[in-house]
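Written below as structure tokens is the structure these notes are about.
2 protein chains.
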Amino acid sequence: MAEKRLRPRAIPAILRPRNDPTDATRLAQSTVTTSGVMSTEDVVCWLERRRLAGKSCVLRIPLAELVGWRFDESTGNLEHSSGRFFSVEGYRVSVEGEVSEQWLQPILNQPEIAVLGLLVQEFNGILHVLMQAKMEPGNCNLIQLSPTVQATRSNYLKVHGGAAVRYLEYFTSQDRGRVIVDILQSEQGTWFDRKVNRNIIVEAKGDVPVHEDFCWLTFGQLGQLLQHDNIVNMDARTVLSCMPMSETGSAALHSDVELLAWFTGVRCRYAVRAERIPLSAVPHWTRDEVAIRHIEGRHFAVVAVSVNAESRETASWTQPLLEPCGEGIACFLTREFDGVPHYLVHASIEGGFVNAIELAPTVQCTSSDYKDPAARDRIPFLDAVLSANPKCIQYQAVQSEEGGRFLNAQTRYMVIGVTGREAPTVPPPDYFWVTRDQLTSLVKHSSYINIQARTLLACLNAMANSGV
Amino acid sequence: MAEKRLRPRAIPAILRPRNDPTDATRLAQSTVTTSGVMSTEDVVCWLERRRLAGKSCVLRIPLAELVGWRFDESTGNLEHSSGRFFSVEGYRVSVEGEVSEQWLQPILNQPEIAVLGLLVQEFNGILHVLMQAKMEPGNCNLIQLSPTVQATRSNYLKVHGGAAVRYLEYFTSQDRGRVIVDILQSEQGTWFDRKVNRNIIVEAKGDVPVHEDFCWLTFGQLGQLLQHDNIVNMDARTVLSCMPMSETGSAALHSDVELLAWFTGVRCRYAVRAERIPLSAVPHWTRDEVAIRHIEGRHFAVVAVSVNAESRETASWTQPLLEPCGEGIACFLTREFDGVPHYLVHASIEGGFVNAIELAPTVQCTSSDYKDPAARDRIPFLDAVLSANPKCIQYQAVQSEEGGRFLNAQTRYMVIGVTGREAPTVPPPDYFWVTRDQLTSLVKHSSYINIQARTLLACLNAMANSGV
Chain A
1 MAEKRLRPRA IPAILRPRND PTDATRLAQS TVTTSGVMST EDVVCWLERR RLAGKSCVLR
61 IPLAELVGWR FDESTGNLEH SSGRFFSVEG YRVSVEGEVS EQWLQPILNQ PEIAVLGLLV
121 QEFNGILHVL MQAKMEPGNC NLIQLSPTVQ ATRSNYLKVH GGAAVRYLEY FTSQDRGRVI
181 VDILQSEQGT WFDRKVNRNI IVEAKGDVPV HEDFCWLTFG QLGQLLQHDN IVNMDARTVL
241 SCMPMSETGS AALHSDVELL AWFTGVRCRY AVRAERIPLS AVPHWTRDEV AIRHIEGRHF
301 AVVAVSVNAE SRETASWTQP LLEPCGEGIA CFLTREFDGV PHYLVHASIE GGFVNAIELA
361 PTVQCTSSDY KDPAARDRIP FLDAVLSANP KCIQYQAVQS EEGGRFLNAQ TRYMVIGVTG
421 REAPTVPPPD YFWVTRDQLT SLVKHSSYIN IQARTLLACL NAMANSGV
Chain B
469 MAEKRLRPRA IPAILRPRND PTDATRLAQS TVTTSGVMST EDVVCWLERR RLAGKSCVLR
529 IPLAELVGWR FDESTGNLEH SSGRFFSVEG YRVSVEGEVS EQWLQPILNQ PEIAVLGLLV
589 QEFNGILHVL MQAKMEPGNC NLIQLSPTVQ ATRSNYLKVH GGAAVRYLEY FTSQDRGRVI
649 VDILQSEQGT WFDRKVNRNI IVEAKGDVPV HEDFCWLTFG QLGQLLQHDN IVNMDARTVL
709 SCMPMSETGS AALHSDVELL AWFTGVRCRY AVRAERIPLS AVPHWTRDEV AIRHIEGRHF
769 AVVAVSVNAE SRETASWTQP LLEPCGEGIA CFLTREFDGV PHYLVHASIE GGFVNAIELA
829 PTVQCTSSDY KDPAARDRIP FLDAVLSANP KCIQYQAVQS EEGGRFLNAQ TRYMVIGVTG
889 REAPTVPPPD YFWVTRDQLT SLVKHSSYIN IQARTLLACL NAMANSGV
């Protein structure tokens, strides 16, 4: 008894390390594991079977046949009758800097923050992620792998009168899981007004029932599937890019202080203002029976589709989709300095970003841009991309942008190894060489890395861990 | 010769560590040094002498006597005839969340990003910072210590026809110095529409001529002066808060992942929209001969002053100033957990923030708020501040907000030690316990820490290093 009393009273150790590497280590283990509950080939077949089982059908329809949507008489905006969902409005962007510029365009306005949630759980000591075979009307192949939950507030409040969103409770209640990452990230700043979504990874507690549209994969399998065209959807890619990674600890061409100071400098060089205006006040864009489009057929069109699907929350509906004119390119040029790979980021102005400027791939453009003969001179580094030696292409796949808003929006994602001849050590002012570690530390915060660069980061992370 | 050839060709070591602790170490050394070129007491006397030498005089004048300013006939906005400088406009803020709210108010619109620059240089192995005795018409004592450079674009483009801004070249050219930090930070979100300024610290190369309005101080001396009322101005305090600090490496109640996830959660709980509207469309505010004011005398007024000064870029001018109704409070409650001090931050909605929500002190309110008898119930933790035992007050001083825009805007800054009785370990949802290290790592990025919390962080940093 006396002995017991002499023992100092245990101080409750309620503190924890600020940065526990355990999750990063476990995720890295999963990333090098390519055998899962189902083989990766079988995942592709399973997706195909879900595609057939879904019996989905998407048809283009005239704008007038949209149900529950209307053009506002005074503004010309295309809106949902519930006032929720999203709307197509006009947008005025002005940039003041070395050169002053202003343009008007249609824009998607969707003020709601969606949940993009990956549910993970350990099986046989390896983290697996629950992926969904999800039909989205804008995908060329309709069904792709999406996060466990991909739902706007309208979705889960059932504004469209649909079914409950499966597994949502893991992301809305703290009792069902443990948060590994939860961060707001931007979406396409040229198509959306200030759109951000919540990128979440949660480790589930307890048994998770698996619905037939879902399957458990290792992160290594997702990495393999990212090498294929149009399998891993945009929402899955952005959450993957936010996955905590063990940093390599490598040095860099520029310190983090220099990187942030350069970025501040760019943000101060341009004063960007963007505001929504009535769609009818946007010149050079017209509306005919089937589309809102640019009079020269450039940029994109807004069209309407009718959807019949058995596997979605609601079985059939109509909706507008934004259809870009041709395939996009998003490419990182990469060079090794002292043996450490660096990627050339571009501080890019997109009118719809909350902070006007984010870090984008070295080259990011649409086909109408790069097919213009003058573009090779106008867009820095485009020539290096278009004339790259195939042997120098470290990554290449065509991926879809969000199929719930965009129709056939496909982007050729590339990582191309170059030399100082194509990309100098001291690049133009709005470009900067960064390491993967530096991208990883910036993606922990909002408003740094744009969605195209995040897709490439997800691919880089997958390749680095798998040793591809 | 043969030997020489065998030696491997040296690979140019162009990489550098991402995080070099040298600057933080040197700044910490300066922070513990309280003897400088001039004793700290002499700095106070020198400021007094500059005050007398400046022969400045600020007089309240009727709004109609503003020169170069006019009320726009259609909007009622108060604008400068150059279209630059700043304007007083109307503002509509709507918040949707658990409770929906909307309010209208006047707001300052100043789209320009100002440079707030501290120039540092080593003397006898200790970093010193070049501070300016700067007259600002809104300061109760007119002259306070400001950063080396504190200049809007209008200032240095000489829109008001003034003299050149001294030392600006160190912050605009890379040849004159080396950047230690350069980051955009927000200013008062209740008074400004989306205002951010550039917080820069540069180490000067070569001899720096010292003008009579300037003097070199150690960071330790600045820390001593922060213990006094109204000596270190707001712009100096915000740059000081961004100073790179050596982290203590202490554990925390919550990991960084939990902190960021909590912040994301708060940002998702509230949908905030803010837009400028015509000032004449703001109800409950009136304009008489001398002020734009709230009909119940609450919040603030916009008044006009005429300034005669010999020490500023222009010798005399008139301008509007925002005058708050009474003194503000900005207070961190602090508790030790397992011996590590934690500070209770409040994720606060201010309509003018670019990202709507930033981390603020535990209590931040104006006197018209806290003098309301119902306020003690309405404002969480206000009672703990107002009834604090004087022995528990770790820091207290009255400091001025930016005297170039605000008249007699004084805030009582406090840090108060409390127990679990006043501030529980699990606080209300919009509050969170963080360590100083965590504040230090967040202030490296924009849009996390509001300007009042940054003043307190500057004080905490000064106290921690000096062992006060």
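The listed protein sequences derive, respectively, from chains A and B. At position 446 of the first sequence the residue is numbered 446 (the working numbering), and the sequence of numbers has no breaks. Count along the second sequence starting at 1, add 468, and that's the number in the working numbering. Backbone N, C-alpha and C define an ideal beta-carbon position, used for all residues, glycine too. Nothing here was measured: the structure is a model prediction, and the numbers come from that model.
### Task
Give a yes or no on whether 8 Å exceeds the smallest Cβ distance from residue 640(B) to chain A.
Along the second sequence, one-based indexing puts residue 640(B) at 172. No, because no Cβ of chain A sits closer than 8 Å to the Cβ of residue 640(B).
### Task
Would you kindly check if the distance between the Cβ of residue 824(B) and the Cβ of residue 740(B) is under 8 Å?
Looking up residue 740(B) in the second sequence gives position 272. Looking up residue 824(B) in the second sequence gives position 356. Yes, the Cβ-Cβ distance between residue 740(B) and residue 824(B) is below 8 Å.
### Query
Helix or strand or just coil, what does DSSP make of residue 490(B)?
Here residue 490(B) is taken as the residue at index 22 of the second sequence, counted from 1. Of the three classes helix, strand and coil, the one that applies to residue 490(B) here is helix, per DSSP.
### Query
What runs of the alpha helix (DSSP H), each 4 residues or longer, lie entirely inside the segment 733-807 of chain B?
none
### Task
Select from the segment 807-825 of chain B all residues with a C-beta closer than 9 Å to any C-beta belonging to chain A, and list them in chain order.
807, 808, 822, 823
### Min CB distance residue 488(B) to chain A below 8 Å
For the purposes of this step, residue 488(B) is taken as the residue at position 20 of the second sequence. Closer than 8 Å: yes.
#### Entry: DSSP three-state assignment for residue 468(A), whether helix, strand or coil
In the first sequence, counting from the first residue as 1, residue 468(A) sits at position 468. Caution applies to residue 468(A), whose pLDDT of 46 falls short of 50 and renders its modelled position unreliable; the value that the coordinates give is listed next. Coil at residue 468(A), not helix or strand.
### Query
Under a CB-based cut-off of 8 Å, is residue 485(B) close to chain A?
Along the second sequence, one-based indexing puts residue 485(B) at 17. Cβ-Cβ to chain A under 8 Å: yes for residue 485(B).
### Message
For residue 665(B) and residue 239(A), I'd like the C-alpha separation in whole angstroms.
### Response
The sequence position of residue 665(B) within the second sequence is 197, counting from 1. The sequence position of residue 239(A) within the first sequence is 239, counting from 1. Distance between the alpha carbons of residue 665(B) and residue 239(A): 32 Å.
### Query
In whole angstroms, what separates the C-alpha of residue 410(A) from that of residue 139(A)?
Translated into the one-based positions of the first sequence, residue 410(A) becomes position 410. Translated into the one-based positions of the first sequence, residue 139(A) becomes position 139. Roughly 9 Å between the two C-alpha positions.
### Task
Determine, using beta carbons only, whether residue 170(A) and residue 120(A) come nearer to each other than 8 Å.
As a first step, residue 170(A) must be located in the first sequence, where it is residue number 170. As a first step, residue 120(A) must be located in the first sequence, where it is residue number 120. Not in contact: residue 170(A) and residue 120(A) (Cβ atoms no closer than 8 Å).
### Query
Below 8 Å, can you find three or more Cβ-Cβ pairs linking the segment 918-927 of chain B to the segment 641-658 of chain B?
yes
### Query
Once you ignore the five residues that flank residue 475(B) on each side, which residues in its own chain have a CB closer than 6 Å to its CB?
Numbered from its first residue, the second sequence carries residue 475(B) at position 7. With a pLDDT of only 47 at residue 475(B), under the threshold of 50, the placement of this residue in the model should not be trusted, and no figure is reported.
### Task
Determine, using beta carbons only, whether residue 663(B) comes closer than 8 Å to chain A.
Against the second sequence, residue 663(B) aligns to sequence position 195. Cβ-Cβ to chain A under 8 Å: no for residue 663(B).
### Query
For residue 80(A) and chain B, any beta-carbon pair shorter than 8 Å?
By one-based count along the first sequence, residue 80(A) stands at place 80. For residue 80(A), the answer is no, since every Cβ of chain B falls outside 8 Å of its Cβ.
### Task
Ignore the nearest five residues each way along the sequence and tell me which others in residue 685(B)'s own chain have a CB closer than 7 Å to its CB.
On the second sequence, residue 685(B) is found 217 positions in, with the first residue counted as 1. Contacts found: 504, 511, 596, 597, 599.
### Query
Looking at the structure shown, is residue 655(B) part of a helix, part of a strand, or coil, going by DSSP?
Mapped onto the second sequence, residue 655(B) falls at position 187. Coil.
### Query
Since residue 444(A) meets chain B, which of its residues come closer than 9 Å, beta carbon to beta carbon?
The sequence position of residue 444(A) within the first sequence is 444, counting from 1. Those within 9 Å of residue 444(A) in chain B are 724, 725, 728.
#### Entry: Proximal residues of chain B, C-beta to C-beta of residue 268(A) below 8 Å
As a first step, residue 268(A) must be located in the first sequence, where it is residue number 268. Listed along the chain, the chain B residues whose CB falls inside 8 Å of the CB of residue 268(A) are 581, 652, 666.
### Query
For a contact meaning CB atoms closer than 9 Å, what does residue 721(B) contact in chain A?
In the second sequence, the residue the question calls residue 721(B) occupies position 253. What residue 721(B) touches in chain A: 14, 15, 16.
### Message
Run through the DSSP bridge pairs and tell me what residue 667(B) is partnered with.
### Response
Indexing the second sequence from 1 puts residue 667(B) at position 199. Partner(s): 584(B), 651(B).
### Task
Hey, could you find the ends of the beta strand (DSSP E) residue 255(A) is sitting in?
What you label residue 255(A) is simply residue 255 of the first sequence in a count that begins at 1. Run containing residue 255(A): none; DSSP gives neither H nor E here.
#### Entry: Local Cβ density within 10 Å of residue 571(B), reported as buried at 16 or more and exposed below that
Here residue 571(B) corresponds to residue number 103 of the second sequence, with the count starting at 1. Exposed: under 16 other Cβ atoms inside 10 Å.
### Message
Please list the terminal residues of the continuous beta strand (DSSP E) segment that includes residue 862(B).
### Response
Stepping through the second sequence from its first residue, residue 862(B) is reached at position 394. For residue 862(B), the enclosing beta strand (DSSP E) has its first and last residue at 861-868.
### Three-state secondary structure assigned by DSSP to residue 538(B)
The sequence position of residue 538(B) within the second sequence is 70, counting from 1. Strand at residue 538(B).
### Cβ pair residue 925(B), residue 902(B) closer than 8 Å
Within the second sequence, the letter at position 457 stands for residue 925(B). Within the second sequence, the letter at position 434 stands for residue 902(B). No, Cβ-Cβ distance for residue 925(B) and residue 902(B) is not below 8 Å.
#### Entry: Cβ shell of residue 266(A) (< 7 Å), same chain only, five flanking positions each side left out
For the purposes of this step, residue 266(A) is identified with residue 266 of the first sequence, where counting begins at 1. If we look at residue 266(A) and ignore the five residues flanking it on each side, its Cβ neighbours are 347, 357, 430.
### Query
CA-CA distance, residue 933(B) and residue 836(B)?
For the purposes of this step, residue 933(B) is identified with residue 465 of the second sequence, where counting begins at 1. For the purposes of this step, residue 836(B) is identified with residue 368 of the second sequence, where counting begins at 1. Distance between the alpha carbons of residue 933(B) and residue 836(B): 35 Å.
### Message
Buried or exposed for residue 611(B), going by 16 or more other Cβ atoms inside 10 Å?
### Response
Locating residue 611(B) in the second sequence gives position 143, where the first residue counts as 1. Counting Cβ neighbours within 10 Å, residue 611(B) comes out buried, since at least 16 surround it.
### Message
Cutting at 8 Å between CB atoms, please list the residues of its own chain near residue 802(B), excluding the five before and the five after it.
### Response
As a first step, residue 802(B) is located in the second sequence; it is residue number 334 there, counting from the start. Taken in chain order, the residues that qualify are 809, 810, 811, 812, 862, 883, 884, 885, 886.
### Query
Could one say the Cβ of residue 362(A) lies closer than 8 Å to chain B's Cβ atoms, at least one of them?
By one-based count along the first sequence, residue 362(A) stands at place 362. Residue 362(A) does not count as touching chain B.
### Query
Does any C-beta atom of chain A lie closer than 8 Å to the C-beta of residue 649(B)?
For the purposes of this step, residue 649(B) is taken as residue 181 along the second sequence, with counting starting at 1. Any Cβ of chain A closer than 8 Å to the Cβ of residue 649(B) would place that residue at the interface, and such an atom is present.
### Straight-line Cα distance separating residue 560(B) from residue 744(B)
The sequence position of residue 744(B) within the second sequence is 276, counting from 1. The sequence position of residue 560(B) within the second sequence is 92, counting from 1. The straight-line gap separating the alpha-carbon atoms of residue 744(B) and residue 560(B) is approximately 6 Å.
### Query
Are the beta-carbon atoms of residue 875(B) and residue 771(B) separated by less than 8 Å?
Counting from one through the second sequence, the residue named residue 875(B) turns up at place 407. Counting from one through the second sequence, the residue named residue 771(B) turns up at place 303. Here residue 875(B) is near residue 771(B), since their CB atoms are less than 8 Å apart.
### Task
Name the one or two DSSP bridge partners that residue 103(A) has.
On the first sequence, position 103 is the one that residue 103(A) refers to. According to DSSP, residue 103(A) bridges with 93(A).
### Message
Going by the DSSP bridge assignment, what does residue 232(A) pair with across the sheet?
### Response
Mapped onto the first sequence, residue 232(A) falls at position 232. In the DSSP output, where bridge partners are listed per residue, residue 232(A) has 145(A).
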